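There are 2 protein chains.
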Amino acid sequence: MLIIADNLNIMHPVIARALEKRDPEPIRRLVKRCVDAGAQAFDINSGPLSRQPRETMVFLVETVQSVTHLPLVLDTANPAAMAAGLATCAGPVTINGFSLEPDKLERILPLAGQYGADIIGYVIGAHSRVPIDEHEMMSTAVALFEAYTKAGLAPRQLIIDPVVVPAAWPDGPRHNRNVLSLIHQLPDLLGAPVRTIAGLSNLSSGGGSLQGKMVLEAGYLPMLAAAGLDMVMTNVLHPNTLALAKVCRVLLKEGIFSWADLDSSPN
Amino acid sequence: MLIIADNLNIMHPVIARALEKRDPEPIRRLVKRCVDAGAQAFDINSGPLSRQPRETMVFLVETVQSVTHLPLVLDTANPAAMAAGLATCAGPVTINGFSLEPDKLERILPLAGQYGADIIGYVIGAHSRVPIDEHEMMSTAVALFEAYTKAGLAPRQLIIDPVVVPAAWPDGPRHNRNVLSLIHQLPDLLGAPVRTIAGLSNLSSGGGSLQGKMVLEAGYLPMLAAAGLDMVMTNVLHPNTLALAKVCRVLLKEGIFSWADLDSSPN
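Taken in order, these protein sequences are the chains called A and B. Anchor point for the first sequence: position 75 equals 74 in numbering that gives the first Met the number 0, and the numbering is continuous, going up by one each time. Anchor point for the second sequence: position 164 equals 163 in numbering that gives the first Met the number 0, and the numbering is continuous, going up by one each time.
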């Protein structure tokens, strides 16, 4: 399971202040801390309300690339900012993301072909509806896959996100159980080995103590891993989360166990 | 998921010394600590080498019952000690346990009918072989279920244990992944709603630091819970394990999430 840091978020005060002053140093320090903690890729979330969306994304990509060669995930709903970010990326990059919403299908999805980038597809319906019911979730995932292949793209570039929702939402626990089931069944459902991703931080958003958030993440991450999740988007500065991701890898990998594996690097 | 304390083990120095002196006080204190920590049942393991197996089991049952009315699980391979313990139990009790080994089928299994007790059935072959391969594990579970029903017992009294093995065993990780798969598929496989149990402490036995053991248990417990495990046998004095068991219940239960659920009692 690949660990993608979601720490580079415009909602993070350090990022917000650094962006305002176009000062790369605080961002570089944060990126270094995340690399040291075990990040294997970075999500760059330039936010929906950025005043200069293209310049902001380019500044963030350039700043992160000045510190690390790890793969990047560009996270914006603005097609122009996405394109500018993709053009700036020197290494492997993933578009985050599209869904069945018409503007995403029309303006974000085509960028995957144009830039030869992997792309995250959210299991969200045409009317921005997150399906709760297992059957609706499955049919939405199939429709997403069909819309994707219809655009002429290869399944190996697609990463499906079944959308973890806050546990505190009405029907949140039921939805998140269905997320596990979807991840487990997706290869059979689509008849193609499509990768999956999930945003762990969503689970505890909107409330709870830090300790409560941590234990919630600690409970759900191994469930996601055992269901077969390929990538997780998470706050890599929660130390328990990284240690757990490592132990999940040890528990689920092929080959011989060694106690030393628990202490080695998260790779 | 019901939490069964496996702390009352003759290998535990406090228990060993107390047994030697027939002093119930240290055992009572340990039982109270386990109840306070969140134990919902107690496994009483009188060990294979007890000199007075019947007296030892009766003493342990009486001592535990003098402190708590929680359900008991009697854990001995000695049929006479098991029968004496069962006769002493005032409340709900489970026999731990039988397998396809001939002496267990002949001398332990019949006690379930005689005492109207639930019984744990280990997925272990006739020649004491723990199956590693998924197919062999499934066929052994089916054979176990058939031997059980042939004895005229009701499926609702049976609790199947797919036998978690130490991660450090050769093929340990592969076996333990197959355990998850077996738990998940067991209802379909048997065509009956049989309960399942797993011994979490086995996972880390035979090596590793306490921290390594804790993180290994923390990774595997939510995987077991998501697979549908009904009961877990564990050291309830590992505080993280109990907090995780609680969060698993919150993540997997029906109904509405509340942050307060994470802080309430493990029941």
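For every residue, glycine included, the Cβ atom is placed at its ideal position computed from N, Cα and C. Bear in mind the structure is a predicted one, so any value in this text is a computation, not a measurement.
{"query": "Taking only beta-carbon positions, decide if I255/B is within less than 8 Å of chain A.", "result": "yes"}
{"query": "Under three-state DSSP, which class holds A38/A?", "result": "coil"}
{"query": "Counting only runs of 4+ residues fully inside the region 100-128 of chain B, write out the alpha helix (DSSP H) ranges in chain order.", "result": "101-106 and 108-114"}
{"query": "Give the residues of chain B in contact with N175/A, contact being defined as C-beta atoms less than 8 Å apart.", "result": "L250"}
{"query": "Compare the C-beta of Y219/A against all C-beta atoms of chain E and say whether one is closer than 8 Å.", "result": "No chain E appears in the structure shown, which is made up of the protein chains A and B."}
{"query": "Along chain B, which residues have their Cβ under 9 Å away from the Cβ of P25/A?", "result": "Going along chain B, no residue has its Cβ under 9 Å from P25/A, so there is no contact; the nearest lies around 31 Å."}
{"query": "Could you compute how far the alpha carbon of L261/A sits from the alpha carbon of A125/A?", "result": "43 Å"}
{"query": "Report, in whole angstroms, the separation of the C-beta atoms of G218/B and P221/A, which I expect to be a contact under 8 Å.", "result": "5 Å"}
{"query": "Who are the neighbours of G171/A on chain B, taking C-beta pairs under 7 Å?", "result": "F256"}
{"query": "Would you kindly check if the distance between the Cβ of L241/B and the Cβ of V235/B is under 8 Å?", "result": "yes"}
{"query": "Using Cβ-Cβ distances below 7 Å, what residues of the region 186-215 of chain B are close to chain A?", "result": "G206, G207, G211, V214 and L215"}
{"query": "Report the three-state DSSP secondary structure of I43/A (helix, strand or coil).", "result": "strand"}
{"query": "Between the C-alpha atoms of P172/A and S200/B, what's the straight-line distance to the nearest angstrom?", "result": "28 Å"}
{"query": "Quick one, which residues of the region 142-155 of chain B are near chain A if we go by CB-CB under 7 Å, in chain order?", "result": "none"}
{"query": "Less than 8 Å separating the beta-carbons of L188/A and V214/B?", "result": "no"}
{"query": "Could you say which of A82/A, E133/A, A259/A and T233/A lies nearest to M0/A if we only look at CA atoms?", "result": "T233/A"}
{"query": "Quick check on the DSSP output: the beta strand (DSSP E) that includes L73/A runs from which residue to which?", "result": "L71 to D74"}
{"query": "Can you tell me whether DSSP reads M0/A as helix, strand or coil?", "result": "coil"}
{"query": "For chain B, find out if any of its Cβ atoms is closer than 8 Å to the Cβ of L179/A; answer yes or no.", "result": "yes"}
{"query": "Between Q51/A, D102/A and G227/A, which lies nearest to I158/A when the distance is taken from Cα to Cα?", "result": "G227/A"}
{"query": "Which chain B residues sit within Cβ distance under 8 Å of A166/A?", "result": "V249, L250 and F256"}
{"query": "Grab me the residues of G46/B's own chain with a C-beta within less than 6 Å of its C-beta, minus the 5 sequence neighbours each way, in chain order.", "result": "I9"}
{"query": "Identify the contact partners of L243/B in chain A, using a Cβ-Cβ distance below 8 Å as the criterion.", "result": "V214, A217 and G218"}
{"query": "Which same chain residues, not among the five before or five after M137/A, have their C-beta less than 7 Å away from its C-beta?", "result": "L181 and L188"}
{"query": "Consider the Cβ of L261/A: report whether some Cβ of chain B lies at a distance smaller than 8 Å.", "result": "yes"}
{"query": "Taking the straight line between their C-alpha atoms, what separation do you get for P91/A and D74/A?", "result": "14 Å"}
{"query": "May I ask you to list, following chain order, the residues of the region 21-55 of chain A that have a beta carbon less than 9 Å from some beta carbon of chain B?", "result": "none"}
{"query": "By how many angstroms is the C-alpha of E105/B removed from the C-alpha of Y121/A?", "result": "56 Å"}
{"query": "Would you say S264/B faces chain A, with C-beta separation under 8 Å as the test?", "result": "Its pLDDT being 46, under 50, S264/B is placed unreliably in this model, and the value from its coordinates should be taken loosely. Not an interface residue."}
{"query": "Could you tell me whether the region 127-141 of chain B touches the region 107-117 of chain B, where touching means 3 or more Cβ pairs closer than 8 Å?", "result": "no"}
{"query": "Along the beta strand (DSSP E) that carries G218/A, what are the first and last residues, could you check?", "result": "No beta strand (DSSP E) contains G218/A, which is instead part of the alpha helix (DSSP H) from L209 to A226."}
{"query": "My understanding is that E100/A touches I123/A, with C-beta atoms under 8 Å, so please give their C-beta distance in whole angstroms.", "result": "7 Å"}
{"query": "Cβ atoms of P23/B and F55/B: under 8 Å apart, would you say?", "result": "Note that residue 55/B is Thr in the sequence shown, not Phe. For T55/B and P23/B, no; Cβs fall outside 8 Å."}
{"query": "Applying the criterion that 16 or more other CB atoms from any shown protein chain within 10 Å of the CB defines a buried residue, is G207/A buried or exposed?", "result": "buried"}
{"query": "Among C33/A, H68/A, A76/A and I2/A, which one has its Cα closest to the Cα of S49/A?", "result": "A76/A"}
{"query": "Going by other Cβ atoms of all chains shown within 10 Å of its Cβ, with 16 needed for buried, is Q39/A buried or exposed?", "result": "buried"}
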